[in-house]
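Colleague: I'd like to ask some things about the structure below.
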Amino acid sequence: MTAAVLVAMVAGAEALGWRLGGRTRLFAVMAWLVIALAAAGVTGAVGGWGAAGLGLGAGAWLVLRWRWGADAAIGSLVVIAGLLLLADPEPSRAAAILAGLGSAVLLTHTANDVCRDVIARARVLPGEDAPAERAEDAPRLRGGRFIGPLERWLIVGLALVGAQAVIVGLMAAKGIGRFPEISGDRGRGSTAEEFLVGSLVSWALAGAAALLIAVLMP
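Spelled out as structure tokens, the structure:
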């Protein structure tokens with residue numbers, strides 16, 4: 015249950031951040047995390063160690079999200095949620111539902127940010143502080159804002175019902191759909207690398223969400 019509560023807390027904080035900006039966003043997110051942590055303790059959803067884990071996870075996510083980006087924040091969330099899951103592995107319907115709802119939120123806008131951050135870091139050359147933006151990236155990313163979340167939701171749903179063959183077909187179809195763009199890279203290889211990096215990160219996030227929900231399902 016503790017891991018599910020942490021995922022739901024972070025998902026709520028992310029949802030707040032989608033509509034807010036600047037200091038208002040930071041204060042709103044901090045207030046939400048404190049309220050959610052207090053509610054988890056008062057309702058008895060988590061014990062003392064669970065509350066400590068939630069505080070550590072929420073704090074780590076908050077610092078990393080604002081300082082180093084979505085990829086670092088989600089990485090810490092996966093690690094801490096995994097440790098909490100090992101410490102409190104008891105399945106329950108409520109925990110599975112909570113984890114599912116939180117994962118559904120995180121696999122949309124936040125997961126898109128994670129993929130963009132990882133690709134951006136991969137573009138950094140030695141001696142550079144920030145990746146160079148390319149004009150042709152803008153139109154491609156607009157479609158990815160919708161395709162990425164739908165793809166991750168499908169992978170999670172298919173994994174939970176045991177349709178691994180369909181997942182493989184979905185991955186293959188994605189590669190076929192991007193083949194003309196990759197083949198037009200004229201030997202540079204950058205488009206293929208970006209496709210592989212972004213796809214692997216996206217699939218890894220969906221796999222982690224599916225695993226969390228599957229472990230918590232009674």
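Going from the sequence shown to the numbering used here is simple: count from 1 and add 14.
Note that CB positions come from ideal geometry on N, CA and C, so glycine has one too.
1) How many whole angstroms separate the CB atoms of Ser117 and Val21, which I take to be in contact at a CB cut-off of 8 angstroms?
2) In whole angstroms, give me the CA-to-CA distance for Gly67 and Ala45.
3) Would DSSP call Asp143 helix, strand or coil?
4) If we count the other Cβ atoms within 10 Å of its Cβ and call it buried at 16 or more, is Thr124 buried or exposed?
5) With a 10 Å radius around its C-beta and 16 neighbouring C-beta atoms as the bar for buried, classify Leu214 as buried or exposed.
6) Could you check how far apart the C-beta atoms of Leu239 and Trp167 are, in whole angstroms? I think they sit under 8 angstroms.
7) Rank Ala177, Arg135, Thr16, Ala42 by C-alpha distance to the C-alpha of Ala84 and give the top, closest one.
8) Which same chain residues, not among the five before or five after Ala222, have their C-beta less than 8 angstroms away from its C-beta?
9) Got a sec? Which residues, its chain only, sit under 7 angstroms from Ala27 by beta carbon, not counting five neighbours each side?
10) Alpha helix (DSSP H) containing Leu97: first to last residue?
11) What are the start and end residues of the alpha helix (DSSP H) that includes Ser106?
12) Helix, strand or coil for Leu34, going by three-state DSSP, please let me know.
13) Have a look at Ile190 and Leu184 and give me their C-alpha separation to the nearest angstrom.
14) Cβ of Ala173 within 7 angstroms of Cβ of Ala224?
Modeller: According to the structure shown:
1) Translated into positions along the sequence shown, residue 117 becomes position 103. Translated into positions along the sequence shown, residue 21 becomes position 7. About 6 angstroms separates the two Cβ atoms, so the contact holds.
2) Taking the sequence shown and counting its residues from 1, one reaches residue 67 at position 53. Taking the sequence shown and counting its residues from 1, one reaches residue 45 at position 31. Going from the Cα of Gly67 to the Cα of Ala45 covers about 18 angstroms.
3) The sequence position of residue 143 within the sequence shown is 129, counting from 1. Residue confidence is low: Asp143 scores 48 on pLDDT, short of 50, so the model does not pin down where it sits. Its coordinate-derived value is still stated next. It is coil, neither helix nor strand.
4) Sequence index remark: in the sequence shown, residue 124 carries index 110 (1-based). A buried status is given to Thr124, since no fewer than 16 other beta-carbon atoms sit within 10 Å of its beta-carbon.
5) Start at 1 with the first residue of the sequence shown, and residue 214 comes out as number 200. Leu214 comes out exposed.
6) Nothing about residue 239 can be read from this structure; the chain reaches only from 15 to 232.
7) Numbered from 1 along the sequence shown, position 70 holds the residue referred to as residue 84. Looking at the Cα atoms, Arg135 is the closest of the given residues.
8) Indexing the sequence shown from 1 puts residue 222 at position 208. Only Val92 meet the Cβ criterion.
9) Working through the sequence shown from its first residue, we reach residue 27 at position 13. So the qualifying residues of the chain are Val43, Trp46, Leu47.
10) Indexing the sequence shown from 1 puts residue 97 at position 83. Per DSSP, Leu97 belongs to the alpha helix (DSSP H) from 84 to 101.
11) Translated into positions along the sequence shown, residue 106 becomes position 92. It is not in any alpha helix (DSSP H) - Ser106 carries neither H nor E in the DSSP assignment.
12) The residue you call residue 34 lines up with position 20 of the sequence shown. Correct three-state label for Leu34: coil.
13) What you label residue 190 is simply residue 176 of the sequence shown in a count that begins at 1. What you label residue 184 is simply residue 170 of the sequence shown in a count that begins at 1. Whole-angstrom Cα-Cα distance: 10 angstroms.
14) In the sequence shown, residue 173 corresponds to position 159, counting from 1. In the sequence shown, residue 224 corresponds to position 210, counting from 1. Contact flag set, yes.
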